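Quick note: to get our numbering, add 4 to the position in the sequence shown (first position is 1).
Quick reminder that beta carbons are idealized off the backbone N, C-alpha and C, glycines included.
Bear in mind that the values here come from a model prediction, so they are computed numbers and not experimental data.
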Amino acid sequence: MANINFSQFTLGIEEEYMVLDPVNRELKSHQQRIVTEGQKVIRDKVKAEMHQAVVEVGTDVCRDVDEAYKDVSHLRRTISHIAGDLGFWVGASGTHPFSHWESQLITDHARYKEILDILQDAARSNLIFGLHVHVGMESREMANHIANSTRYFLPHIYALSTNSPFWEGRNTGYKSYRSKIFDKFPRTGIPETFDTIEDYDNFVKLLVKTNCIDNAKKIWWDLRVHPFYNTVEFRICDVPLTVQETIAIAALFQGVCAKIYKLRLQNLNFIQYSRALINENKWRASRYGIDGLLIDFGKEEEINTRVLIYELLDFVDDVVDELGSRHAIDYITKMMEEGTGADRQLKVFQQTNSLVNVVDYIHAQFLAGV
5 MANINFSQFT
15 LGIEEEYMVL
25 DPVNRELKSH
35 QQRIVTEGQK
45 VIRDKVKAEM
55 HQAVVEVGTD
65 VCRDVDEAYK
75 DVSHLRRTIS
85 HIAGDLGFWV
95 GASGTHPFSH
105 WESQLITDHA
115 RYKEILDILQ
125 DAARSNLIFG
135 LHVHVGMESR
145 EMANHIANST
155 RYFLPHIYAL
165 STNSPFWEGR
175 NTGYKSYRSK
185 IFDKFPRTGI
195 PETFDTIEDY
205 DNFVKLLVKT
215 NCIDNAKKIW
225 WDLRVHPFYN
235 TVEFRICDVP
245 LTVQETIAIA
255 ALFQGVCAKI
265 YKLRLQNLNF
275 IQYSRALINE
285 NKWRASRYGI
295 DGLLIDFGKE
305 EEINTRVLIY
315 ELLDFVDDVV
325 DELGSRHAID
335 YITKMMEEGT
345 GADRQLKVFQ
355 QTNSLVNVVD
365 YIHAQFLAGV
């Protein structure tokens, strides 16, 4: 078999952070001051989001997980420092435990105004915080092939990222309520497969032609072949509490892509399952995180989610050393022992019966281990 060019699987990571009032722990508008100050230091790696209590950051293109770890750590430290100087806290959680979206200010920007005009309350209530991971590809054709095949693993990795059990002061009963909020948007969730990249491009052209969207970035699926870069962009995950969790999840997405690519070079492929079936697993991951059962569609039976995640780690085991990511992948074992962000938030709440304490915990975890 030909030597695989593992260096093509670069990483780009975007995280969305919540801006907090240190006094009452509510979400708080920073009136873009964190972004303005941040851009002096990290330039276009920080930007505003639709809601003024959200700050989004994005790494450079990183050659491997170590570069990504340094970049995300630097971004978290920088934003935390600037926020602190301005009298704010920051934290990373898929939802805020008790703030209400109705009282949050919207960023004054033409793009957001247009989305609000179209989507109305679905957009106004979309006060959620996600993690996006880009994995580099040699071509858009290969990106389409890998996107089709990696759909199956989305619920497994999503389960690991679950970090939004609370919404507007309630324990929702979900490990990730964030996805339930985002479901109100059009063009979200698990995508269908596309036989060729031309099929995907024609689908986008049809949506643009019929005024459904004005560009392909308004396709908000859980994964997509990026409209402008040669990457597959994974968008299903809640933003994790810590940098280590973010990097472990990014390493797993990268590993799955490299493994599917390796199989393709051997003329092997993964079975393609329908969106409807994968959605059953996504729902279970959202509800139970890593503590539930997912369906193994090959065996046609329910299996403990942790067992399936260990199977996934075995599946990617023969590519992680070449990617230089074994130490990042190994952290997933620790995540399974200590619980996801949602599990840990719920534990704080069970011990203290205080959502303010949960926010304090989210804030304390933001720079943990960095």
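6 angstroms CB neighbourhood of residue i in its chain, flanking five on each side removed
{"i": "S183", "result": "S290"}
{"i": "D325", "result": "none"}
{"i": "E41", "result": "I86"}
{"i": "I3", "result": "A question about residue 3 goes unanswered here, because the residues of the chain that appear run from 5 up to 374."}
Collapsed DSSP secondary structure at residue i in the structure displayed
{"i": "G134", "result": "strand"}
{"i": "A52", "result": "strand"}
{"i": "D64", "result": "coil"}
{"i": "S180", "result": "strand"}
{"i": "D295", "result": "helix"}
{"i": "I275", "result": "coil"}
{"i": "E306", "result": "strand"}
{"i": "E196", "result": "coil"}
{"i": "F238", "result": "strand"}
{"i": "V45", "result": "helix"}
{"i": "G259", "result": "helix"}
{"i": "M339", "result": "helix"}
{"i": "F170", "result": "strand"}
{"i": "N28", "result": "coil"}
{"i": "D381", "result": "Residue 381 cannot be examined here, being either before or after the span of the chain that is shown, 5 to 374."}
{"i": "G345", "result": "helix"}
{"i": "D300", "result": "strand"}
Sequence-distant residues of the same chain with beta carbon closer than 7 angstroms to residue i, five excluded per side
{"i": "N45", "result": "Looking at the sequence itself, residue 45 is Val, so the reference to Asn does not match. Contacts found: T82."}
{"i": "N285", "result": "P159, L298, I299"}
{"i": "Y156", "result": "F274, Y277, I282"}
{"i": "F257", "result": "V137, V139, I161, F238"}
{"i": "H104", "result": "E172"}
{"i": "E196", "result": "R279"}
{"i": "L316", "result": "F157, H160"}
{"i": "L120", "result": "I110, A127, R128"}
Best match in the options for proximity to residue i [C-alpha to C-alpha]
{"i": "A262", "options": "I251, V323, P26, R310", "result": "V323"}
{"i": "Y73", "options": "Q349, S329, V363", "result": "S329"}
{"i": "G302", "options": "I282, R310, Y292, E18", "result": "I282"}
{"i": "D64", "options": "T200, L15, W93, G98", "result": "L15"}
{"i": "D187", "options": "R239, Q35, G140", "result": "R239"}
{"i": "H136", "options": "L210, L123, E237, I223", "result": "E237"}
{"i": "Y265", "options": "G140, D318, G296", "result": "G140"}
{"i": "F92", "options": "R29, Q108, L123", "result": "R29"}
{"i": "L109", "options": "R128, D121, I294, G293", "result": "R128"}
{"i": "K351", "options": "E249, C216, N167, N271", "result": "N167"}
{"i": "F102", "options": "F353, D68, T246, I17", "result": "F353"}
{"i": "E19", "options": "T344, T250, L317, L272", "result": "T250"}
{"i": "D89", "options": "S97, P26, Q124, C66", "result": "P26"}
{"i": "M245", "options": "N271, Y365, E106", "result": "First, the residue type needs correcting, since residue 245 is Leu and not Met in the sequence shown. Of the listed residues, the one whose Cα sits closest to L245 is Y365."}
{"i": "S107", "options": "L317, N130, K209", "result": "N130"}
{"i": "L267", "options": "N308, L312, N357, V320", "result": "V320"}
{"i": "R310", "options": "E304, D318, D295", "result": "D295"}
{"i": "K51", "options": "Y21, F207, W287", "result": "Y21"}
{"i": "F368", "options": "R174, S84, N271", "result": "In the sequence as presented, Phe is not what sits at residue 368; that position holds Ala. Ranking R174, S84, N271 by Cα distance to A368 puts S84 first."}
{"i": "L272", "options": "S153, V360, A255, G193", "result": "S153"}
{"i": "N175", "options": "A372, E304, D347, V374", "result": "D347"}
{"i": "G293", "options": "Q12, V59, P169, G95", "result": "P169"}
{"i": "R67", "options": "I223, A254, G193, R191", "result": "A254"}
CB contact check: residue i to chain B, cutoff 9 angstroms
{"i": "I275", "result": "Note that chain B does not occur in the displayed structure, where there is just one protein chain."}
Alpha carbon of residue i to alpha carbon of residue j, nearest angstrom
{"i": "E53", "j": "Y204", "result": "27 angstroms"}
{"i": "D70", "j": "V76", "result": "10 angstroms"}
{"i": "E341", "j": "D112", "result": "43 angstroms"}
{"i": "A151", "j": "F274", "result": "11 angstroms"}
{"i": "H100", "j": "L269", "result": "44 angstroms"}
{"i": "G177", "j": "N9", "result": "44 angstroms"}
{"i": "M339", "j": "K221", "result": "32 angstroms"}
{"i": "E118", "j": "V363", "result": "32 angstroms"}
{"i": "W171", "j": "G259", "result": "33 angstroms"}
{"i": "L164", "j": "Q36", "result": "31 angstroms"}
{"i": "D4", "j": "E306", "result": "There is no way to answer for residue 4, as the model of the chain reaches only from 5 to 374."}
{"i": "V61", "j": "G134", "result": "11 angstroms"}
{"i": "V247", "j": "F370", "result": "8 angstroms"}
{"i": "H34", "j": "N7", "result": "50 angstroms"}
{"i": "Q56", "j": "V39", "result": "10 angstroms"}
{"i": "K32", "j": "L24", "result": "5 angstroms"}
{"i": "Y314", "j": "D48", "result": "37 angstroms"}
{"i": "I400", "j": "C216", "result": "Any question about residue 400 goes unanswered here, given that the chain covers just 5 to 374."}
DSSP bridge partner residues for residue i (one or two, in chain order)
{"i": "N7", "result": "Note: N7 sits in no beta bridge, so no partner."}
{"i": "V59", "result": "Y21, A52"}
{"i": "I110", "result": "H55"}
{"i": "G16", "result": "H138"}
{"i": "N175", "result": "F170"}
{"i": "V243", "result": "Answer by DSSP bridge pairing: none, since V243 is not bridged."}
{"i": "V320", "result": "Per DSSP, none; premise fails for V320."}
Sequence-distant residues of the same chain with beta carbon closer than 8 angstroms to residue i, five excluded per side
{"i": "N219", "result": "V212, P231"}
{"i": "R144", "result": "I201, V229, N234"}
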